[in-house]
Amino acid sequence: MSMTPREVIERLKEVQELDQRLAALDREIDGGPKAVASFARAVAAVDAKLAQLDERTKLLRAQAKLRENEAKTAQGKVDRLNEQARAVKTNREFTAIRSEIANAKIEVGKLEDEILKIMEAVDAQEKLVAAAKEERAKEQKKLDAERAKVDAAIEGLKKSRADQAVGRPALTSGLPAEALSIYERVLKARGQAVVPLEIDYCSGCMERLTRNDIFAVQNASRLVQCKSCGRILFAQ
Ligand SMILES: [Zn+2]
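Note that the working numbering has the sequence shown beginning at 159, numbered continuously upward.
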């Protein structure tokens, strides 16, 4: 036995109620990964900071290496001059070479001071790296916890969605194919396919209905679609 227009409208309202619950669950299921993504971004931000610190530490170490080589060369010069000093014959030569040795030693000392300063900077940098690593571990822990929480929640939501979706075919099975196809098309386009008549207006888009259509909606004598938005109307 086929359904009366009134039964069709009542059934479509039930289908819509279910479809809206399912859509709300879908939104919640989709929203979960977004919450996780914000935690993942925090971890990525610390990673970027770590990479920057690492880069600077490498540069400082390279600077220290350069100065060490220069210090070695300067020390070589001191050694060579000391060697030469042993072979000088006159006082004047000796004074000259002593002064050269003193200057070379000053150069070695200067370089060693610089190396020390650079190594202090490296130490400070390494402390920052250690702190950033600790921060990263904390952010990772938060991310893992959020992911576990969201995964568990999504499991529940998916199960609830599946449980509710099971009932849909029973609701739609008796409906005329044309009514169901109109419903589905309008739902997809408008988010809501069955809306109440509000005085003389479609409450979906506030378009005024013809007297003829208003009468049909009030008596549920046929399926009435709003001429403007296509929504199916029912009397409140
Ligand atoms: Zn409308």
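Where a beta carbon is used, it is the ideal one built from N, C-alpha and C, also for glycine. Given the structure is predicted, the values throughout are model-derived calculations rather than measurements.
Coarse secondary structure for residue i, derived from DSSP in three states
i           : result
residue 280 : helix
residue 389 : coil
residue 211 : helix
residue 394 : coil
residue 219 : helix
residue 366 : strand
Cβ-Cβ distance between residue i and residue j below 8 Å
i           : j           : result
residue 305 : residue 194 : yes
residue 239 : residue 258 : yes
residue 355 : residue 392 : yes
residue 290 : residue 208 : yes
residue 173 : residue 329 : yes
residue 228 : residue 274 : no
residue 252 : residue 243 : yes
residue 262 : residue 230 : no
residue 318 : residue 176 : no
residue 378 : residue 167 : yes
residue 179 : residue 322 : yes
Span of the beta strand (DSSP E), counted from its first residue to its last, around residue i
i           : result
residue 334 : Run containing residue 334: none; DSSP gives neither H nor E here.
residue 355 : 352 to 356
First and last residue of the uninterrupted alpha helix (DSSP H) at residue i
i           : result
residue 246 : Premise fails: residue 246 is in no alpha helix (DSSP H) and is neither H nor E.
residue 375 : 369 to 377
Chain-order list of residues whose beta-carbon lies under 8 Å from that of residue i (same chain, five-residue window excluded)
i           : result
residue 389 : 344, 348, 350, 351, 352, 353, 360, 362, 363 and 383
residue 215 : 280, 283, 284 and 287
Beta-carbon contacts of residue i that lie in its chain and below 6 Å, excluding the five residues immediately before and after
i           : result
residue 265 : 232
residue 197 : 300, 301 and 304
residue 201 : 297, 298 and 301
Query - Environment of ligand 1 in chain order, Cβ to heavy atom below 6 Å - result: Those residues, listed in chain order, are 360, 362, 363, 365, 384, 386, 387 and 389.
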